[in-house]
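Heads up: the structure comes next, in structure tokens.
Laid out in structure tokens, this is it:
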């Protein structure tokens, strides 16, 4: 292998099938050793899904679970208390399993714009509709994540943390496609400085902890995220268009890491196919193999909660094997 090509890494996205968090944490360490992560197990209930777990992190805010989703309230409901208790329990499990671990580790939470497009204000409709409420959620998220990073550094000082912001709704927010509560209209497009500023605020509050933005929808704003200071973007390969690849090439040249969701989660694919899918567009960028390998991480396209545990384990093994194949091909 060429000395200038480093091994391409692999990891998972976050969501995981089943309800056994201890088993899921063990699997993440065993099957994603390059970058293990704290799994999210939505099968345990809404309090353990992406948004529910995220409400447990939001500092100084209380929520209730309504038929339309999570709503801001004056006092935490039983469901919100369950979200907080479940997160505490998950962190206890992680602390027990990671006592002897030192190295990179990833935690994930819903990003500011997915939260704004999902959470409801006390009187109804989305937080997205109110700039003051949006600002409050962004500040609460940044503060809660900072507190979590501090807590994990105390519990497990060997962890080299990365924070992943899951932003599946960011493109819809950008395009003005998020429906209002009535369903008869759409929320207005948010201007670009506000879109960037929310992400930038979280990045600045977590200074020293790399932030990754994951988006498995089409239209992720690569340039905007790079300018906001994120360390990496995590994208579904099948959602990328030529303009995205141009932005990614520029980003990688400027130090942005690319976490490429090259393993489809809606059909079977072997490691050789995943490697081919990865290499074809990357080679077209014309980047030097050495710098490219330093900035590349392979992942499944999305979370794995919809798979069986056996299938999810196989997915992590497939991207890990594919990463080795890509490394060898780049070194040739």
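Numbering (this note's numbering), first residue to last: 30 to 361.
Note that CB positions come from ideal geometry on N, CA and C, so glycine has one too.
Everything numeric in this text was worked out from a predicted model, so none of it was measured.
Report yes if the CB atom of residue 316 is closer than 8 Å to the CB atom of residue 289, and no otherwise.
Against the chain shown, residue 316 aligns to sequence position 287. Against the chain shown, residue 289 aligns to sequence position 260. Cβ atoms of residue 316 and residue 289: not closer than 8 Å.
Ordered along the chain, which non-local residues of its own chain (more than five positions away) have a Cβ less than 7 Å from that of residue 150?
Numbered from 1 along the chain shown, position 121 holds the residue referred to as residue 150. If you ignore the 5 residues before and after residue 150, its C-beta comes within less than 7 Å of the C-beta of 101, 156, 159 and 162, all in its own chain and listed in chain order.
Does residue 283 come out as helix, strand or coil in the three-state DSSP assignment?
Within the chain shown, the letter at position 254 stands for residue 283. It is coil, neither helix nor strand.
Which whole-angstrom value describes the C-beta separation of residue 252 and residue 276, a residue pair presumed to lie in contact below a C-beta threshold of 8 Å?
For the purposes of this step, residue 252 is identified with residue 223 of the chain shown, where counting begins at 1. For the purposes of this step, residue 276 is identified with residue 247 of the chain shown, where counting begins at 1. That pair is a contact at about 5 Å.
Going straight from the alpha carbon of residue 87 to that of residue 152, what length do you get?
Translated into the one-based positions of the chain shown, residue 87 becomes position 58. Translated into the one-based positions of the chain shown, residue 152 becomes position 123. Residue 87 and residue 152: Cα-Cα distance of roughly 19 Å.
Do you know how far the Cα of residue 139 is from the Cα of residue 294?
The residue you call residue 294 lines up with position 265 of the chain shown. The residue you call residue 139 lines up with position 110 of the chain shown. Whole-angstrom Cα-Cα distance: 20 Å.
Just list the beta strand (DSSP E) runs in the stretch 261-317, keeping only unbroken ones of 3 residues or longer that don't cross its boundaries, in chain order.
Along the length of the stretch 261-317, whole beta strand (DSSP E) runs at least 3 residues long occupy 261-265 and 286-292, reported in chain order.
Note down, in chain order, each residue of its chain lying with its Cβ closer than 8 Å to the Cβ of residue 37, except the 5 sequence neighbours on either side.
Against the chain shown, residue 37 aligns to sequence position 8. Here the set comprises 322, 325, 326, 327, 352, 353, 355, 356 and 359.
Within the stretch 54-137, ranges of the alpha helix (DSSP H) (whole runs, at least 4 residues)
79-86 and 107-126
Opening and closing residue of the alpha helix (DSSP H) in which residue 222 lies
Start at 1 with the first residue of the chain shown, and residue 222 comes out as number 193. Taken as a continuous stretch (DSSP letters only), the alpha helix (DSSP H) holding residue 222 covers 221-234.
Who are residue 44's beta bridge partners in DSSP?
Residue 44 sits at position 15 when you count from the first residue of the chain shown. Partner(s): 69.
Once you ignore the five residues that flank residue 43 on each side, which residues in its own chain have a CB closer than 6 Å to its CB?
As a working mapping, residue 43 is identified with position 14 in the chain shown. Cβ neighbours of residue 43 beyond the five flanking positions: 69, 137 and 332.
What separation, rounded to the nearest whole angstrom, lies between the Cα atoms of residue 132 and residue 203?
What you label residue 132 is simply residue 103 of the chain shown in a count that begins at 1. What you label residue 203 is simply residue 174 of the chain shown in a count that begins at 1. CA-CA distance, residue 132 to residue 203, rounds to 36 Å.
Span separating the alpha-carbon of residue 195 from that of residue 242:
For this step, residue 195 is matched to residue 166 along the chain shown. For this step, residue 242 is matched to residue 213 along the chain shown. About 6 Å.
Residue from 130, 93 and 48 whose Cα sits closest to the Cα of residue 188
For the purposes of this step, residue 188 is taken as the residue at position 159 of the chain shown. Comparing Cα positions, the closest option is 130.
For residue 241, the three-state DSSP class (helix, strand or coil)
In the chain shown, residue 241 corresponds to position 212, counting from 1. Of the three classes helix, strand and coil, the one that applies to residue 241 here is strand, per DSSP.
Along the chain, where does the alpha helix (DSSP H) that runs through residue 348 open and close?
The residue given as residue 348 occupies position 319 in the chain shown. Where residue 348 is concerned, the enclosing alpha helix (DSSP H) stretches over 338-360.
Can you look up residue 30 in the DSSP assignment and give me helix, strand or coil?
For the purposes of this step, residue 30 is taken as the residue at position 1 of the chain shown. Caution is warranted here: a pLDDT of 41 is assigned to residue 30, below 50, making its placement in the model unreliable, and the coordinate value is therefore given only provisionally. Correct three-state label for residue 30: coil.
One question on the structure: do residue 364 and residue 347 come within less than 8 Å of each other, judged by their Cβ atoms?
Since the first residue shown for the chain is 30 and the last is 361, residue 364 is missing from the structure and cannot be characterised.
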